[in-house]
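First comes the structure, then the notes that go with it.
2 protein chains.
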Amino acid sequence: MEGFELDDRKKRILKAVIDEYIETREPVGSRTISKLPDMGYSPATIRNEMADLEDMGYLTQPHTSAGRIPSDKGYRFYVDKLIKFEEKLGFEPTAKELGDVKASVQREIGEMTDQIRVASELISRLTEYTSIAVTGTAGGTRRIKALQIVPVEPGKALSVIVLDDDAVLNSVIQHDSSIGPEMLMKVSTHCNLLFAGHRVEEINMDMIDSVSEATGVARTALMPVVDGLFECIKKAENTEIHTEGAVKLLSHPEFSDVGKAKGILELINREDLMVDLIKECSTSDGLVIRIGSENKIEGLNECSVVTATYSVNGVNLGSIGVLGPTRMDYPRVIAALEYVRKRLVGGELPGGNALPEGELPGGAAVRNEGVLGAE
Amino acid sequence: MEGFELDDRKKRILKAVIDEYIETREPVGSRTISKLPDMGYSPATIRNEMADLEDMGYLTQPHTSAGRIPSDKGYRFYVDKLIKFEEKLGFEPTAKELGDVKASVQREIGEMTDQIRVASELISRLTEYTSIAVTGTAGGTRRIKALQIVPVEPGKALSVIVLDDDAVLNSVIQHDSSIGPEMLMKVSTHCNLLFAGHRVEEINMDMIDSVSEATGVARTALMPVVDGLFECIKKAENTEIHTEGAVKLLSHPEFSDVGKAKGILELINREDLMVDLIKECSTSDGLVIRIGSENKIEGLNECSVVTATYSVNGVNLGSIGVLGPTRMDYPRVIAALEYVRKRLVGGELPGGNALPEGELPGGAAVRNEGVLGAE
DNA sequence: TGTTAGCACTCTTCGCCGTCGAGTGCTAAC
DNA sequence: GTTAGCACTCGACGGCGAAGAGTGCTAACA
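Taken in order, these protein sequences are the chains called A and B.
Residues 1 to 375, numbered by our numbering, are exactly what the first sequence covers, in order.
Residues 376 to 750, numbered by our numbering, are exactly what the second sequence covers, in order.
The following block contains the structure:
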């Protein structure tokens, strides 16, 4: 909108200011920037440029005689156009940590969600921010692999379902006690035969009728069993959420006010809100960044959330969101999320393996889905 | 040790000081106590008594010209001798909340630990402190109720075990793929027959041999299956921990320093430490109170922990600990824990239903297991 | 025309200091 | 044994001035 974007020098200065501010959390003055190697302008020049950037809304001033700090719009421009996609982790993340991740991917049947949780822990450790993992966005894409009804006591049984991503679900069935254990086993076998390989929503009354016919159990008597199965499956659709490193937020000076910190931590504990927050971004593969006021949740206005959605072979594993102060080390967070993607999913980024080159230094592989797009 | 305990007036004053301090968190002065209804002494008298109490170690002074605050020893005397056991909840805890607790006790097969978790949530809500629930102290007392091996794919199966407290466990079995699904079912049936009703540690090689014999599966081929079962059972013994309302600590002014708050919250997240902390007290039925420096965990010196262990029909369900600042509303916490016990376990306190009468006003039903006993 | 040096100005931070008030300990009177 | 009175202590609070960082503007410079 304003002219043709920013000229090169303004970009360099803006990037320098934000980098500096992310590192120090101090409002940054013209002198600091001027003394940076490769800058080569006097404080006065920088001052003029900074005043311009402030007019354009990329920077703000806490008070008249302080340095500048980035605005949400400034951060947005920064993540969209200024940061290189670079391995900014600084170290090869302790091989065995990654080992954990890989191992839990392939290891065994069990809660498939484990791997996302482990990845989330790793990411929190790598970034020193809070990491929120949400699984169960799979919706109706998963298929039933095996199914078994286990008699427990008269009138009570347990349904166990294994899905094609190896998630194991179980749920209790309260059934007509006229159905004996042997009969239940028969029902179990037939259901297994019929349902295996199907998606949950494909199960219909015809199939149930067919089970009724084959086993000789009346449909009415069969219904509680089927209901039990459905309940079990419904459970499967329930999203699970796992939060890692919430306390780490307290390390950051922006939350040195206990009241503020408490507010944020309480929000983080609100599972419904967090699920919405993370899921909202999981429609698209790749990274989504929400900066400050771009977050719809009031009270998260001083926070940023970076979300990545992971899927393997088209099966959605879940999403991981990193939550930190607006003054977040975005390059590091992005690097961490992508690093885990590479190791977890197998090296293929959704849009191809190489990242698209952006402008200026290297361009970020970041989809701009924020509310405040570049204008 | 010092003379014969405290005389009646000193007790009244000490109780008044601690009550007041718990309520206001301000050092309490002689004037405040003097003006209390039913006190009937001038500030000067109170002052003398308070000076005595300070000499005896029950009170301390933050600085010369401030009021008195209780020492750990003061709190210890308070919980041991001064507080009445009274329903200090202030309200009938929202019937439906308790409904939840009761319902989850009887309702259904599922993780037995659910009920302790629900109770823990309730307690945290009632007390406004952090509540930590630890389950799995059951050790070897549980029996196998039903057992089933579910074939999943060649070489892979899932073992599902239901224990007599209705806990459901499952674990993956990697077995010799020469054992087909039908054979597995046969093994499953025989294992179920043999193991049901037994305690885990009662399973021995003879039983396994007998299964091998009955099914015709070689013992060597059977071993992976049995190992899988054992692993599943081992899982059962693992303690689970659930923390509720950790953020609530931030509401209390003693944690208004972020650094301090962070330290405590990090400790709370250390599951190993918390399990030890809670379990350590769970040897005895009833309540155990740890005040300030009585806690062995450094960093919890300004906190108190009140722990209750719950068991029904001799089966240990688990323990719930309430963690808060030393300046904790002990009567309320005790009342909450006992209230839940009554509703959860069925009204019987371990030592009989009526609480033993202590001295002074009503005597507390609290076991003194603290490090600093009354001297 | 773009860049820079210089300068006056603004605004926050920090330490200093005196006042205020709550609370104490001690003594003497009741 | 209890209480009134009083001098004393010590932290909390607010005003004040110095220090320092950073700005915006103007004028000089290449």
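Ideal Cβ positions, reconstructed from N, Cα and C, are used throughout, including at glycine.
For residue i, three-class secondary structure by DSSP
| i | result |
| --- | --- |
| B/ILE554 | coil |
| B/VAL633 | helix |
| A/ILE297 | coil |
| B/ILE498 | helix |
| A/VAL79 | helix |
| A/GLY318 | strand |
| A/PRO37 | coil |
| B/VAL392 | helix |
| A/ILE69 | strand |
| B/THR435 | strand |
| B/LEU381 | coil |
| B/LYS459 | coil |
| A/ASN269 | helix |
| B/VAL587 | Here residue 587 of chain B turns out to be Ser, not Val, going by the sequence shown. Reduced to three states, the DSSP call for B/SER587 is helix. |
Residue i and residue j closer than 7 Å at C-beta
| i | j | result |
| --- | --- | --- |
| B/ILE324 | B/GLY696 | Because residue 324 of chain B is not part of the residues shown, which for chain B are 376 to 750, the question remains open. |
| B/ALA407 | B/LEU698 | In the sequence on display, residue 407 of chain B carries Thr and not Ala. Not closer than 7 Å, so no. |
| B/ASN545 | A/VAL168 | yes |
| B/ALA571 | B/ILE536 | no |
| B/SER694 | B/ILE639 | no |
| B/ARG517 | B/ASP540 | yes |
| B/ALA596 | B/ASP551 | yes |
| A/PRO181 | A/HIS252 | no |
| B/TYR350 | B/ILE397 | Outside the displayed span of chain B (376 to 750) sits residue 350 of chain B, for which this structure offers no information. |
Rounded straight-line distance, which links the Cα of residue j to that of residue i
| i | j | result |
| --- | --- | --- |
| B/GLY415 | B/SER409 | 7 Å |
| B/THR435 | A/SER293 | 48 Å |
| A/ASP55 | A/ARG290 | 23 Å |
| A/PRO224 | B/MET558 | 30 Å |
| B/ALA441 | A/ILE123 | 49 Å |
| A/GLU20 | A/GLY29 | 10 Å |
| B/PRO526 | B/MET560 | 8 Å |
| B/GLU606 | B/SER563 | 16 Å |
| A/ALA16 | B/GLU528 | 57 Å |
| B/PRO402 | B/ARG702 | 12 Å |
| B/ARG384 | B/ASP413 | 12 Å |
| B/ILE643 | B/ALA621 | 8 Å |
| B/ALA739 | B/LEU662 | Summary for B/ALA739: the model assigns pLDDT 37, below 50, so the residue's position carries little reliability, and this model does not support an answer. |
| B/ALA705 | A/LYS260 | A quick correction: the sequence has Tyr, not Ala, at residue 705 of chain B. Whole-angstrom Cα-Cα distance: 28 Å. |
| A/LEU337 | B/ASP447 | 48 Å |
| B/ILE672 | B/MET649 | 10 Å |
| B/LEU522 | B/THR684 | 29 Å |
| B/THR439 | B/PHE630 | 24 Å |
| B/ALA513 | A/GLY299 | A caution first: B/ALA513 carries a pLDDT of 49, below 50, which makes its placement in the model too unreliable to give a value. |
| B/VAL493 | A/ASP7 | 59 Å |
| B/THR682 | B/GLU503 | 15 Å |
| A/SER178 | B/ALA593 | 38 Å |
| A/VAL105 | A/ASN301 | Summary for A/VAL105: the model assigns pLDDT 43, below 50, so the residue's position carries little reliability; its value from the coordinates is reported in the next sentence. Answer to the nearest angstrom: the Cα atoms are 35 Å apart. |
| B/ARG718 | B/SER686 | 12 Å |
| A/LEU158 | A/HIS190 | 16 Å |
| B/LYS637 | A/VAL333 | 22 Å |
Beta-bridge pairing of residue i - partner residues as DSSP gives them
| i | result |
| --- | --- |
| A/LEU323 | A/THR130, A/VAL305 |
| B/GLN523 | B/VAL535 |
| B/ILE548 | B/ALA532 |
| B/THR564 | Partner(s): none; B/THR564 has no beta bridge. |
| B/GLU619 | B/SER506 |
| B/LEU662 | B/ALA683 |
| A/ARG143 | A/ARG199 |
| B/VAL543 | B/VAL537 |
| A/THR28 | First, the amino acid is wrong: residue 28 of chain A is Val here, not Thr. Its beta-bridge partners are A/ARG68. |
Check: residue i C-beta below 6 Å from any heavy atom of the ligand GDP
| i | result |
| --- | --- |
| B/SER694 | The ligand GDP is absent from the structure shown, which contains no ligands of any kind. |
Contact belief for residue i with residue j at Cβ below 8 Å, rounded distance in angstroms
| i | j | result |
| --- | --- | --- |
| A/LEU389 | A/LEU36 | What is shown of chain A runs 1 to 375, which leaves residue 389 of chain A out entirely. |
| A/LEU229 | A/VAL211 | Wrong, their Cβ atoms sit about 11 Å apart, outside the cutoff. |
| B/GLU496 | B/GLU619 | 5 Å |
| B/LEU625 | A/VAL226 | That belief does not hold up - the Cβ atoms of B/LEU625 and A/VAL226 are roughly 47 Å apart, past 8 Å. |
| B/ILE491 | B/ILE524 | The Cβ separation is near 29 Å, so there is no contact. |
| A/ASN316 | A/VAL305 | So it is not a contact: roughly 19 Å between Cβ atoms. |
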